[in-house]
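Heads up, the thing below is written out as structure tokens.
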Amino acid sequence: MTLLDQIYHFEIMDALALGLLLVLWIGFEWLVERPAARRPSVSVLMAQYRRDWMREFITRENRIFDANILANLRQGTTFFASASMIAIGGALALIGNPERLSGVAENLSLGENPVSVWEMKLLPVVLLLANAFLKFVWSHRLFGYCSVMLASIPENPDDPRTSARAEKAAEINISAARSFNRGLRSLYFSLGAMAWLLGAWALIAATLITFLVLWRREYGSNSRRVLLRDDEPQRPA
Numbered sequence: 078m079t080l081l082d083q084i085y086h087f088e089i090m091d092a093l094a095l096g097l098l099l100v101l102w103i104g105f106e107w108l109v110e111r112p113a114a115r116r117p118s119v120s121v122l123m124a125q126y127r128r129d130w131m132r133e134f135i136t137r138e139n140r141i142f143d144a145n146i147l148a149n150l151r152q153g154t155t156f157f158a159s160a161s162m163i164a165i166g167g168a169l170a171l172i173g174n175p176e177r178l179s180g181v182a183e184n185l186s187l188g189e190n191p192v193s194v195w196e197m198k199l200l201p202v203v204l205l206l207a208n209a210f211l212k213f214v215w216s217h218r219l220f221g222y223c224s225v226m227l228a229s230i231p232e233n234p235d236d237p238r239t240s241a242r243a244e245k246a247a248e249i250n251i252s253a254a255r256s257f258n259r260g261l262r263s264l265y266f267s268l269g270a271m272a273w274l275l276g277a278w279a280l281i282a283a284t285l286i287t288f289l290v291l292w293r294r295e296y297g298s299n300s301r302r303v304l305l306r307d308d309e310p311q312r313p314a
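Residue numbers (this note's numbering): 78 to 314.
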């Protein structure tokens, strides 16, 4: 079956649903990473805390604490990178087994489309998972760079290299966290993309739900309210 024959089995709503997935996935990253100054996202707020962390690191005598934090962050990226690889392998195995894929479609009463159609509907899932894997791997490497940079910061706070290197380490740390967050968002949208197997309207609904869940966590969650709270201790009533 040629590519044109495969496309023939799709409708205009499929194209619109796939376009909505792409627009919301890319657009959400833009909104979260470049929000209005009066309404910062959780990611932007945490970036400032990472800069404060590096400033505190300069005067901290026991730096093992900071090394342990970075080690935990790297472990998180390793876990999600491994999980993404397993998910990619499962999706590719399903694509490579037409009989099983056809059986799943029949069990779900999804119509009598050719197996190639179901394979094409799984491609966005694989691409999103692959993007997540690459983001996690790069995040892991950046956290490694940050560890080396922290080790190069002089113990003397008055050394002219101290502040400059701490600022560099903070920016590398923020870049690593940004890549990690992008990987997580790709995982979320890959779960939503699986709804395409149920049809275009299911994909639209799943994409909107995914977007709203992520939006709430960045702009309407309790954790954001805590981050916005003034650091000064409140007086008892």
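For glycine and all other residues, C-beta sits at the position ideal for the given N, C-alpha and C.
Local conformation of residue i per DSSP, three classes
{"i": "L80", "result": "Annotation note: pLDDT 44 at L80 (below 50); position unreliable, no value reported."}
{"i": "E244", "result": "helix"}
{"i": "N139", "result": "coil"}
{"i": "A314", "result": "Interpretation of A314 is limited by its pLDDT of 44, a score under 50 that renders its predicted location unreliable; no figure is taken from the coordinates."}
{"i": "G173", "result": "coil"}
{"i": "A92", "result": "helix"}
{"i": "P234", "result": "coil"}
{"i": "R115", "result": "coil"}
{"i": "R69", "result": "There is simply no residue 69 to check, as the chain begins at 78 and stops at 314 in what is shown."}
{"i": "L288", "result": "Note on identity: in this sequence residue 288 is Phe, with Leu being the wrong assignment. Note: F288 maps to helix in three-state DSSP."}
{"i": "D307", "result": "coil"}
{"i": "G276", "result": "coil"}
Closer than 8 angstroms to chain B by CB, residue i
{"i": "I249", "result": "The question asks about chain B, but that chain is absent: this structure has only one protein chain."}
Sub-8 angstroms separation of residue i and residue j beta-carbons
{"i": "W102", "j": "F266", "result": "yes"}
{"i": "L206", "j": "A164", "result": "yes"}
{"i": "S298", "j": "V119", "result": "yes"}
{"i": "G269", "j": "L150", "result": "no"}
{"i": "L169", "j": "V203", "result": "yes"}
{"i": "A243", "j": "R140", "result": "no"}
Residue i beta carbon near the ligand PLP (any heavy atom closer than 7 angstroms)
{"i": "W107", "result": "No copy of the ligand PLP appears in this structure; indeed no ligand is present at all."}
Which listed residue (the options) has its alpha carbon closest to that of residue i
{"i": "N208", "options": "N145, G173 and S161", "result": "S161"}
{"i": "L147", "options": "A164, I135 and R127", "result": "R127"}
{"i": "K245", "options": "D235, I230 and A254", "result": "I230"}
{"i": "M226", "options": "D143, A124 and A158", "result": "D143"}
{"i": "A254", "options": "G104, F288, M123 and P112", "result": "M123"}
{"i": "F157", "options": "S263, A247, P234 and I286", "result": "S263"}
{"i": "T136", "options": "D235, L275, L304 and L291", "result": "D235"}
{"i": "L274", "options": "M197, G173 and G166", "result": "M197"}
{"i": "E138", "options": "N233, I89 and G153", "result": "N233"}
{"i": "L304", "options": "I286, Q125 and L291", "result": "Q125"}
Buried or exposed by the 16-neighbour rule on C-beta atoms within 10 Å, applied to residue i
{"i": "A314", "result": "At A314 the pLDDT is 44, less than 50, meaning the model places this residue with poor confidence and gives no usable figure here."}
{"i": "E295", "result": "buried"}
{"i": "S216", "result": "buried"}
{"i": "P201", "result": "buried"}
{"i": "L81", "result": "Its pLDDT being 46, under 50, L81 is placed unreliably in this model, and the coordinates cannot settle the point."}
{"i": "R116", "result": "exposed"}
{"i": "S224", "result": "buried"}
{"i": "V194", "result": "buried"}
Legend entry - Three CB pairs or more closer than 8 angstroms across the region 258-277 and the region 205-214: Yes, the region 258-277 touches the region 205-214.
Legend entry - Three-pair Cβ contact test at 8 angstroms for the region 103-119 versus the region 212-232: Result no; under three Cβ-Cβ pairs closer than 8 angstroms.
Inset, instruction - Check whether the region 88-99 touches the region 277-295, counting contact only when three or more Cβ pairs, one atom from each stretch, lie closer than 8 angstroms. - result: yes
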